[in-house]
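Asker: The structure is given below, and queries will be raised subsequently.
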Amino acid sequence: MHMADALLSPAVGGTMWAASSSAIAYCSAKVRKELDERKVPLMGVLGAFLFAAQMINFSIPGTGSSGHLGGGLLLTILLGPHAAFLTIASVLIVQALFFADGGLLALGCNIFNLGFFPAFVAYPYIYKKIAGERPSQARITFAAVAAAVAGLLLGAFAVVLETVSSGITSLPFWTFVVLMQPIHLVIGIVEGFVTAAVVSFVYKARPEILQGPVETRPVAGHSLRNVLLAFLAAAVLTGGVVSWFASGDPDGLEWSIAKVTGKDELKGPGHGIHGMLTALQETIAFLPGYSFRKSAEAKSENPGAEGGANPGGGARKEEGGRLGTSISGIVGGLITLVIVFLAGFLLKRRSQAA
Amino acid sequence: MASIEGTILDFKRLDQLARGGTTLHRIDARAKVLVALVFILSVVSFDRYALTALFPFFLYPAVVLALGNLPADYFVKKVALFLPFALAVGMLNPLFDREVMVRLGPFDISGGWVSCASIVVRAILTISAALLLVGVTGFPEICRALERLGVPQTFAVQLLFLYRYIFVLTEEGARSSRARELRSFGGKGLGIGSYGSLVGHLLLRTWMRADRIHMSMLARGFTGEFHALQPSRFGGRELLYLLGWSALFIVLRLRNVSRLLGSLVTGAPP
Chain A
125 MHMADALLSP AVGGTMWAAS SSAIAYCSAK VRKELDERKV PLMGVLGAFL FAAQMINFSI
185 PGTGSSGHLG GGLLLTILLG PHAAFLTIAS VLIVQALFFA DGGLLALGCN IFNLGFFPAF
245 VAYPYIYKKI AGERPSQARI TFAAVAAAVA GLLLGAFAVV LETVSSGITS LPFWTFVVLM
305 QPIHLVIGIV EGFVTAAVVS FVYKARPEIL QGPVETRPVA GHSLRNVLLA FLAAAVLTGG
365 VVSWFASGDP DGLEWSIAKV TGKDELKGPG HGIHGMLTAL QETIAFLPGY SFRKSAEAKS
425 ENPGAEGGAN PGGGARKEEG GRLGTSISGI VGGLITLVIV FLAGFLLKRR SQAA
Chain B
337 MASIEGTILD FKRLDQLARG GTTLHRIDAR AKVLVALVFI LSVVSFDRYA LTALFPFFLY
397 PAVVLALGNL PADYFVKKVA LFLPFALAVG MLNPLFDREV MVRLGPFDIS GGWVSCASIV
457 VRAILTISAA LLLVGVTGFP EICRALERLG VPQTFAVQLL FLYRYIFVLT EEGARSSRAR
517 ELRSFGGKGL GIGSYGSLVG HLLLRTWMRA DRIHMSMLAR GFTGEFHALQ PSRFGGRELL
577 YLLGWSALFI VLRLRNVSRL LGSLVTGAPP
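Those protein sequences? They're chains A and B, same order as listed. Read in our numbering, the first sequence has 129 at position 5, and its numbers run on one by one without any break. Read in our numbering, the second sequence has 445 at position 109, and its numbers run on one by one without any break.
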């Protein structure tokens, strides 16, 4: 369920980054306030434990396939929502950096999808309500399955929303939902049973570990509201700012840079790097028909065509103009790749010789 | 992943590469983290049909690989492992997006194929940026950079803890898992029942280990933060690194260098 950078737009990625980092700040402050100084090392070591546990597979009866633990819910049951959210975020950071599971820009999305839903929705509202104070084996199992399924389905739905609103894939919204939800229902059931197996083992062996977070923590309603408010504020703020910059023009970055510098970049030759490049281009390019601006205008005539699930004719019109230019684009692309390869190769030779 | 041991070895290799002594390794981690973020943002901000405009961005991974003296084959293999996933997602685009966009002689290429290729190129660029960041920086340094960039201390400290114990605990997990596999026959005993108690035991041992670690750290005067041996600073070199790359990425983002080069060579209007 890890999202990759390749399918994200900067607006969605940035918004989710803001949301997740404000949640991390909030949870860090919360954990700090608890004054349980054992907690920080415990969180780190349990995060490392999750890595180890995720590497161990179990066979799923009747299917011949095997699965492994996700662990978000398990960590929340052991540590309580705030500490667990931080630990899940750390695990995702290590996965993104070392295993390329989900990218750096997608981190915000992944932390939200895999951390927020189990820790702040599934655990307080489903697991705790069902399991109660003195849980039996059956109650633990039922609670864990219900909570894991809810957490994963919500997370999968968030993945669909984030991907579709990024507009890189052409997959229609409902097709994507139909693809994602049944798979995550099954994963959720398996995850629930595994979590229940581990939790009931720990409950039998060392019940005090599980009572820790249950008893010291006040009911999560209040804190959840704060977290939600923080999320909402951050999301609205960034979403608003980013989409205001990006609105009406699919090439948001280009547009916002022109806005930030206060000049239409093409109207100001001789101004900074852009100007230098434009001048350079005018001297070496023997191509009077070249107009970067034309395509930009074509785009802004059709706002939002890029973002829709169904790529409309707007983007097409501009692409139609590109048809004739494709040959030089492909040739140029190949040349670029060769140059890049040579540059890397030469640099490598030099640095090895040094 | 083939085996747990293989995964751990792979992980350790990346950790060790980060201990190289090139100039690139010595640059303050904050500059490298920020450059990687600017790179990824520039790459993903292209519209979905951008393809050749992305090619000049390969310059960054190539230069980092070379200057950091990193083994190219290792990173190429690691990135290649993830291409099937990118391709699986991208392959759906040609199904939904069939309008012809590019004509190459007798061949008509639909927009779906172009955007599929674009997804794959994006995946290669963003994945290699993340892996190379670790390869030239190292995880503990990245944590410290994050802390100095404003990430809460609680979070940064437990991230460092997590990293230190990954190696210990994954090895312990690998041993337990191998012991269980050796005792199973015909796939029996690998189900959820034994898994629950195996992972449960691992968890209890981990828990007690965390207690011991914390007590011995307290005995040695741990006050809640880690200290670096060589405090690095954000100097002129770092500023140059950050601004140089960022300027390049923005230029490459605004100008399709591939097409410019192509039109210079073929003489066709771009």
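C-beta atoms are modelled at their ideal positions from N, C-alpha and C, and glycine is treated no differently. None of these values were measured; they are calculated from a predicted model.
(1) Tell me whether L345/B is buried or exposed, calling it buried when 16 or more other Cβ atoms sit within 10 Å of its Cβ.
(2) How is the alpha helix (DSSP H) around R439/B delimited, first residue to last?
(3) Among residues of its own chain, excluding the 5 on either side of R355/B, which ones have a beta-carbon nearer than 6 Å to its beta-carbon?
(4) What does the Cβ neighbour count give for P427/A, buried or exposed, with the cut at 16 atoms within 10 Å?
(5) Determine, for I363/B, whether the minimum Cβ-Cβ distance to residues of chain A falls below 8 Å.
(6) Using a Cβ-Cβ cut-off of less than 8 Å, list which residues of the stretch 163-179 of chain A approach chain B; keep chain order.
(7) So G529/B packs on A321/A, CB below 8 Å; how close in whole Å?
(8) Go ahead and pull the three-state DSSP assignment for S520/B.
(9) Check whether the Cβ atoms of A402/B and G468/A sit closer than 8 Å, and answer yes or no.
(10) Look at the Cβ atom of S533/B, then the Cβ atom of F325/A, and state whether they are nearer than 8 Å.
(11) Hey, out of D225/A, D129/A, I184/A and C151/A, whose CA is closest to V374/B's CA?
(12) Mind listing which residues of the stretch 260-286 of chain A have their C-beta closer than 9 Å to chain B's C-betas, in chain order?
(13) Counting C-beta neighbours from all protein chains within 10 Å, is the total for A382/A 16 or more, i.e. buried, or is it exposed?
(14) Report the start-end ranges of each beta strand (DSSP E) in the stretch 438-482 of chain B that is 3 residues or longer and not cut off at the edges.
(15) Tell me the DSSP secondary structure of P435/A in three-state form.
(16) Taking L132/A as the query, report the chain B residues whose CB atoms sit under 8 Å from its CB, ordered along the chain.
(17) Using the beta-carbon count (16 or more within 10 Å), is T460/A buried or exposed?
(18) If we count the other Cβ atoms within 10 Å of its Cβ and call it buried at 16 or more, is Q261/A buried or exposed?
(19) How big is the Cα-Cα spacing for T359/B and E517/B?
(20) Near M304/A, what residues of its chain come up, given a Cβ to Cβ distance below 6 Å and the 5 sequence neighbours on each side ignored?
(21) Do L507/A and V155/A have their C-beta atoms within less than 8 Å of each other?
(22) For P134/A and F585/B, what's the separation of their Cα atoms in angstroms?
(23) Would you tell me roughly how many angstroms separate the C-alpha atoms of R548/B and G256/A, rounded to the nearest one?
(24) With a CB to CB cut of under 8 Å and the five nearest residues on each side skipped, what residues in its chain are close to N181/A?
(25) Rounded to whole angstroms, what is the Cα-Cα separation between P397/B and G527/B?
(26) For the structure I just gave you, are there three or more beta carbon pairs, one from the stretch 227-244 of chain A and one from the stretch 409-421 of chain B, closer than 8 Å?
(27) Who are F382/B's beta bridge partners in DSSP?
(28) Whole angstroms is fine: what's the gap from G457/A's alpha carbon to R474/A's?
(29) Can you tell me which of the three DSSP states S183/A falls into?
(30) DSSP beta-bridge partners for V189/A?
(31) Measuring only between beta-carbons, confirm whether I313/A sits less than 8 Å from chain B.
(32) For the alpha helix (DSSP H) containing Y251/A, list its first residue and its last residue.
(33) Whole angstroms are fine: how far does the CA of L485/B sit from the CA of F570/B?
(34) Within 8 Å (strictly less), CB to CB, does P488/B reach chain A?
(35) Comparing the C-beta of S594/B with each C-beta of chain A, is any distance below 8 Å?
Answerer: The structure says:
(1) That one is exposed.
(2) Per DSSP, R439/B lies in no alpha helix (DSSP H); the unbroken beta strand (DSSP E) holding it starts and ends at V436 to L440.
(3) There are no such residues.
(4) Residue confidence for P427/A is low, a pLDDT of 41 falling below 50, so the modelled location carries little weight; the figure read from the coordinates is stated next. Looking at its Cβ environment, which holds fewer than 16 other Cβ atoms inside 10 Å, P427/A is exposed.
(5) Chain A, which has no Cβ nearer than 8 Å to the Cβ of I363/B, makes this no.
(6) Against chain B - using a Cβ distance shorter than 8 Å - the residues of the stretch 163-179 of chain A are V164, P165, L166, M167, G168, V169, L170, G171, A172, F173, F175, A176, A177 and M179.
(7) That belief holds up - the Cβ atoms of G529/B and A321/A are roughly 7 Å apart, short of 8 Å.
(8) S520/B: coil per DSSP, three-state reduction.
(9) Their beta carbons are under 8 Å apart, which means A402/B touches G468/A by this criterion.
(10) S533/B places its beta carbon less than 8 Å from that of F325/A.
(11) It is D129/A.
(12) Near chain B, meaning a CB-to-CB distance below 9 Å, no residue of the stretch 260-286 of chain A qualifies.
(13) Residue placement at A382/A is poorly supported in this model, since its pLDDT is 44, which falls under 50; the coordinates still yield a value, given next. Counting of Cβ neighbours within 10 angstroms places A382/A among the buried residues, the total reaching 16 or more.
(14) If we require 3 residues or more, the beta strand (DSSP E) runs fully inside the stretch 438-482 of chain B come out as 443-446.
(15) With a pLDDT of 41 at P435/A, under the threshold of 50, the modelled position of this residue cannot be trusted; read the value that follows with caution. P435/A: coil per DSSP, three-state reduction.
(16) Against chain B, the beta carbon of L132/A has neighbours under 8 Å at V380, listed in chain order.
(17) Buried is the call here.
(18) Q261/A counts as exposed, since fewer than 16 other beta carbons sit within 10 angstroms of its beta carbon.
(19) For T359/B and E517/B, the distance between alpha carbons rounds to 46 Å.
(20) Short of 6 Å from the beta carbon of M304/A, and not among the five residues preceding or following it, lie these beta carbons of its own chain, in chain order: A280 and V284.
(21) With chain A covering 125 to 478 only, the question about residue 507/A has no answer from this structure.
(22) Going from the Cα of P134/A to the Cα of F585/B covers about 15 Å.
(23) Between the alpha carbons of R548/B and G256/A lies a distance of about 31 Å.
(24) Cβ neighbours of N181/A beyond the five flanking positions: S190, G191 and H192.
(25) Cα to Cα, P397/B sits roughly 43 Å from G527/B.
(26) Result no; under three Cβ-Cβ pairs closer than 8 Å.
(27) Answer by DSSP bridge pairing: none, since F382/B is not bridged.
(28) The straight-line gap from Cα to Cα measures roughly 26 Å.
(29) For S183/A, the three-state secondary structure derived from DSSP is strand.
(30) Note on residue identity: the sequence assigns Ser, not Val, to residue 189/A. According to DSSP, S189/A bridges with nothing at all.
(31) At a cut-off of 8 Å between C-beta atoms, I313/A does not count as an interface residue with respect to chain B.
(32) It is not in any alpha helix (DSSP H) - Y251/A carries neither H nor E in the DSSP assignment.
(33) In a straight line, the C-alpha of F570/B is about 11 Å away from that of L485/B.
(34) So yes, P488/B belongs to the interface.
(35) Interface annotation, S594/B: in contact with chain A, CB-CB separation under 8 Å.
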